[in-house]
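>
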Amino acid sequence: MYGAMKDELTALAASLRGQGLYKEERVLLGPQGGVIHARGIDGITREVINFCANNYLGLSNHPEIIRAARQAMDRYGFGYSSVRFICGTSELHKELEEEMSSFLGTEDTILYAAAFDANGGVFEPLLGEQDAIISDELNHASIIDGVRLCRARRYRYAHADTGDLETQLRKARSEGCRFCLIVTDGVFSMDGDIAPLPEIVELARRYDALVMVDDCHATGYLGKSGRGTAEYFGLEGEIDIITTTFGKALGGASGGCVSGHREIIEILRQRSRPYLFSNTLAPAIAGATLRAVRMVGENPQWCQRPLELARRFRTALTGAGLDLLPGETAIVPVMMYDEGRALALAEKLFEEGIYVIGFAHPVVPRGRARIRVQLSAAHREEQVDQASRAFIEMARKMKLV
Ligand SMILES: *Cc1c(COP(=O)(O)O)cnc(C)c1O
57 MYGAMKDELT ALAASLRGQG LYKEERVLLG PQGGVIHARG IDGITREVIN
107 FCANNYLGLS NHPEIIRAAR QAMDRYGFGY SSVRFICGTS ELHKELEEEM
157 SSFLGTEDTI LYAAAFDANG GVFEPLLGEQ DAIISDELNH ASIIDGVRLC
207 RARRYRYAHA DTGDLETQLR KARSEGCRFC LIVTDGVFSM DGDIAPLPEI
257 VELARRYDAL VMVDDCHATG YLGKSGRGTA EYFGLEGEID IITTTFGKAL
307 GGASGGCVSG HREIIEILRQ RSRPYLFSNT LAPAIAGATL RAVRMVGENP
357 QWCQRPLELA RRFRTALTGA GLDLLPGETA IVPVMMYDEG RALALAEKLF
407 EEGIYVIGFA HPVVPRGRAR IRVQLSAAHR EEQVDQASRA FIEMARKMKL
457 V
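What follows is the structure, encoded as structure tokens:
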């Protein structure tokens, strides 16, 4: 039987290669950080400054985080070998949930193995066929999948377009719905832009809807003390459901959570399938993430660092005439438009010791190819300057400016 499938898959892989859509994975020979050792596609290992990680606060390889992971492992062992409700809950898991609730200003929090699972498990227990979900068209894949798993009616609004959101809200209301939930990413990963949350919250009030924010690219560094998009806009306590990850700013291992009203979290513990049927977060991850959240809480100025470096990088590139999408987050998209150009420039920069990724269709729309640069507290100013110099020089050589 496999013969036919094998031919089909081989042809698919070849077609992806032919279209330049085949994803090669670079192999790192050491920890994640501002500087990494990475093996290129040519097999040569280089030391490169890394602008591709979601390591916004530089905690991925921070000694205090590693110590916390070790301590958790010494005390609670390596694995918990169970799901939460059987015998997979430790004090650490409870403490991390409390810490996240206090950090995010919510009533309660439930942990998942990943934010992907959090989004996969949050909709189905809360919403049924009488309900509606209104989702930004650029929301993360895990939201799209989570929404598919639930019976609520689906509405989509044009990216960050609150006019269209209002149209969809009216439509949902006129077609009749018991509960209506607006869902958006807090920070969008490809454009680095921030959801227009004040307008969204206002529309939610007017149309009697709930608001859910997926804050994976914001938790830990956006807002004056790193509490995310709600804090950035002064909307703490106004968001009904927040999902976020521990796999980005907060240490970057893995894991995620849903945080919000007590009753919502209570029902998720009873009904959410990825929570009920998947293993508990490993103690080392729970312990280290707990330390990471506390560190951010104790050092509220830390979160400003990636944003300062992003401004520095933006100023240099814009000054040289490069075309950036405007924004204020640590994600800086340098627009190339042409797909081949984006991939070629990224490859040249890698040879110069600057690791960035070119993003092309289908990750971004056709003709909107770009190089995405992510700044981190792990970077030094000289490294950011080295990157902007290399960027500008290569762009000149390629006659882009
Ligand atoms: C990264 C990301 C996720 C997935 O997070 P994991 O914890 O890695 O599963 C979900 N939503 C958004 C918006 C993300 O950026």
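Each number in this note's numbering comes from the position in the sequence shown (counting from 1) with 56 added on. Where is the CB? At the ideal position from N, CA and C, for every residue including glycine.
(1) Given 6 Å as the limit, tell me if Phe-415 has its C-beta closer than that to any heavy atom belonging to ligand 1.
(2) Tell me where the alpha helix (DSSP H) around Gln-360 begins and ends.
(3) Return yes when the Cβ of Gly-248 is within less than 7 Å of the Cβ of Ile-121, no when it is not.
(4) Going along the chain, which residues of its own chain have a beta-carbon closer than 6 Å to the beta-carbon of Thr-145, five neighbours each way excluded?
(5) Kindly indicate which three-state DSSP category Asp-130 falls into: helix, strand or coil?
(6) Are there 16 or more other CB atoms within 10 angstroms of the CB of Tyr-211, so buried, or fewer, so exposed?
(7) Quick one: grab the DSSP three-state call for Ile-97.
(8) Taking the Cβ atom as the reference point for each residue, do Phe-244 and Leu-194 lie within a distance shorter than 7 Å?
(9) Taking the alpha-carbon of Phe-141 as reference, which of Tyr-112, Gly-76 and Pro-330 has the nearest alpha-carbon?
(10) Name the DSSP beta bridge partners of Phe-302, please?
(11) Tell me whether Cys-236 sits in a helix, a strand or coil according to DSSP, three-state version.
(12) Using CA atoms only, rank isn't needed, just tell me which of Ile-413, Gly-423 and Thr-385 is closest to Asp-394.
(13) Based on Cα-Cα distance, which residue from Ser-71, Gly-59 and Glu-80 lies nearest to Ile-38?
(14) Drop a sphere of 10 angstroms on the beta-carbon of Val-83, count the other beta-carbons inside from all chains shown, and report buried for 16 or more, exposed for fewer.
(15) Determine whether the beta carbon atoms of Leu-56 and Val-390 lie at a separation below 7 Å.
(16) Under a three-way DSSP split, which group does Phe-415 fall into?
(17) Would you mind working out which of Met-392, Lys-455, Ala-340 and Pro-418 sits nearest Arg-123, comparing C-alpha positions?
(18) Where are the beta strand (DSSP E) runs, 3 residues long or more, that stay fully inside the region 290-335, in chain order?
(19) Taking the continuous alpha helix (DSSP H) assigned at Arg-212, which residues delimit it?
(20) As a quick exercise: from Tyr-288, Asn-117, Val-257 and Arg-209, pick the residue whose alpha carbon is nearest that of Glu-180.
(21) Would you check if there are 3 or more beta carbon pairs closer than 8 Å linking the region 232-243 to the region 315-328?
(22) Tell me, please, whether the region 427-442 touches the region 100-109 by the rule of three or more beta-carbon pairs shorter than 8 Å.
(23) Do the CB positions of Ser-432 and Gly-114 come within less than 7 Å of each other?
(24) Does the distance between the C-beta of Cys-313 and the nearest non-hydrogen atom of ligand 1 fall short of 6 Å?
(25) Three-state secondary structure (DSSP) at Asn-175?
(26) Pairs of beta-carbons, one from the region 284-304 and one from the region 158-177, closer than 8 Å: are there three or more?
(27) For Leu-337, tell me which candidate among Leu-152, Cys-236 and Glu-403 has the shortest Cα-Cα distance.
(28) I'd like to know if the region 259-274 and the region 232-240 are in contact, where contact means that at least 3 CB-CB pairs between them fall below 8 Å.
(29) With a Cβ-Cβ cutoff of 7 Å, do Glu-408 and Ala-446 count as a contact?
(30) Can you tell which of Ala-425, Met-392, Ser-444 and Gln-430 has the C-alpha that lies nearest to the C-alpha of Leu-456?
(31) Whole-angstrom Cβ separation of Cys-233 and Asp-187, contact assumed at under 8 Å?
(32) Quick one: which unbroken alpha helix (DSSP H) runs of 4-plus residues sit fully inside the region 218-287? Chain order, please.
(33) For the region 182-206, which segments carrying the alpha helix (DSSP H) assignment without a break, of at least 4 residues, lie completely within its bounds, in sequence order?
(34) For the region 201-208 against the region 168-180, are there 3 or more C-beta pairs whose distance is under 8 Å?
(35) In whole angstroms, what separates the C-alpha of Leu-85 from that of Asp-98?
(36) Would you check whether ligand 1 has a heavy atom nearer than 6 Å to the C-beta of Gly-303?
The structure says:
(1) Against the sequence shown, residue 415 aligns to sequence position 359. Every heavy atom of ligand 1 is 6 Å or more from the Cβ of Phe-415, so no.
(2) What you label residue 360 is simply residue 304 of the sequence shown in a count that begins at 1. From DSSP, the alpha helix (DSSP H) with Gln-360 extends over 360-375.
(3) What you label residue 121 is simply residue 65 of the sequence shown in a count that begins at 1. What you label residue 248 is simply residue 192 of the sequence shown in a count that begins at 1. Taking 7 Å as the Cβ cut-off, Ile-121 and Gly-248 do not qualify as a contacting pair.
(4) The sequence position of residue 145 within the sequence shown is 89, counting from 1. Here the set comprises nothing.
(5) Within the sequence shown, the letter at position 74 stands for residue 130. Residue state, collapsed to three classes: helix.
(6) If you number the sequence shown from 1, residue 211 lands on position 155. The residue is buried, with at least 16 neighbouring Cβ atoms inside 10 Å.
(7) Start at 1 with the first residue of the sequence shown, and residue 97 comes out as number 41. Coil at Ile-97, not helix or strand.
(8) To locate residue 244, count along the sequence shown from 1; it is residue 188. To locate residue 194, count along the sequence shown from 1; it is residue 138. Yes, the pair counts as a contact, with Cβ atoms nearer than the cut-off.
(9) Taking the first residue of the sequence shown as 1, we reach residue 141 at position 85. Residue Pro-330 is the option with its Cα nearest to Phe-141.
(10) For the purposes of this step, residue 302 is identified with residue 246 of the sequence shown, where counting begins at 1. Phe-302 is not bridged to any residue.
(11) One-based indexing of the sequence shown puts residue 236 at position 180. In this structure, Cys-236 counts as strand in the three-state DSSP scheme.
(12) Within the sequence shown, the letter at position 338 stands for residue 394. When only C-alpha atoms are compared, the closest one is Gly-423.
(13) Lying before the first or after the last residue shown, residue 38 is absent from the chain, which here runs from 57 to 457.
(14) Taking the first residue of the sequence shown as 1, we reach residue 83 at position 27. Val-83 should be labelled exposed.
(15) Examination of residue 56 is not possible in this model, given that the chain is present from 57 through 457 alone.
(16) Against the sequence shown, residue 415 aligns to sequence position 359. Correct three-state label for Phe-415: strand.
(17) Here residue 123 corresponds to residue number 67 of the sequence shown, with the count starting at 1. If we check each option's Cα against that of Arg-123, Ala-340 comes out closest.
(18) 297-301 and 312-316
(19) The residue given as residue 212 occupies position 156 in the sequence shown. Arg-212 -> not in any alpha helix (DSSP H); beta strand (DSSP E) instead, spanning 209-213.
(20) For the purposes of this step, residue 180 is taken as residue 124 along the sequence shown, with counting starting at 1. Considering only alpha carbons, the answer is Arg-209.
(21) no
(22) yes
(23) On the sequence shown, position 376 is the one that residue 432 refers to. On the sequence shown, position 58 is the one that residue 114 refers to. Contact: yes.
(24) Along the sequence shown, one-based indexing puts residue 313 at 257. Result no, Cβ not under 6 Å from ligand 1.
(25) Here residue 175 corresponds to residue number 119 of the sequence shown, with the count starting at 1. Residue state, collapsed to three classes: helix.
(26) yes
(27) On the sequence shown, position 281 is the one that residue 337 refers to. Comparing Cα positions, the closest option is Leu-152.
(28) yes
(29) Reading the sequence shown from its first residue, position 352 is the one you call residue 408. Reading the sequence shown from its first residue, position 390 is the one you call residue 446. A contact, by the Cβ cut-off of 7 Å.
(30) As a working mapping, residue 456 is identified with position 400 in the sequence shown. Closest option to Leu-456, Cα to Cα, is Met-392.
(31) Start at 1 with the first residue of the sequence shown, and residue 233 comes out as number 177. Start at 1 with the first residue of the sequence shown, and residue 187 comes out as number 131. About 5 Å; that satisfies the 8 Å criterion.
(32) 218-230 and 253-262
(33) 197-204
(34) yes
(35) To locate residue 85, count along the sequence shown from 1; it is residue 29. To locate residue 98, count along the sequence shown from 1; it is residue 42. Distance between the alpha carbons of Leu-85 and Asp-98: 15 Å.
(36) As a working note, residue 303 is residue 247 in the sequence shown. Because some heavy atom of ligand 1 lies under 6 Å away, the Cβ of Gly-303 counts as near it: yes.
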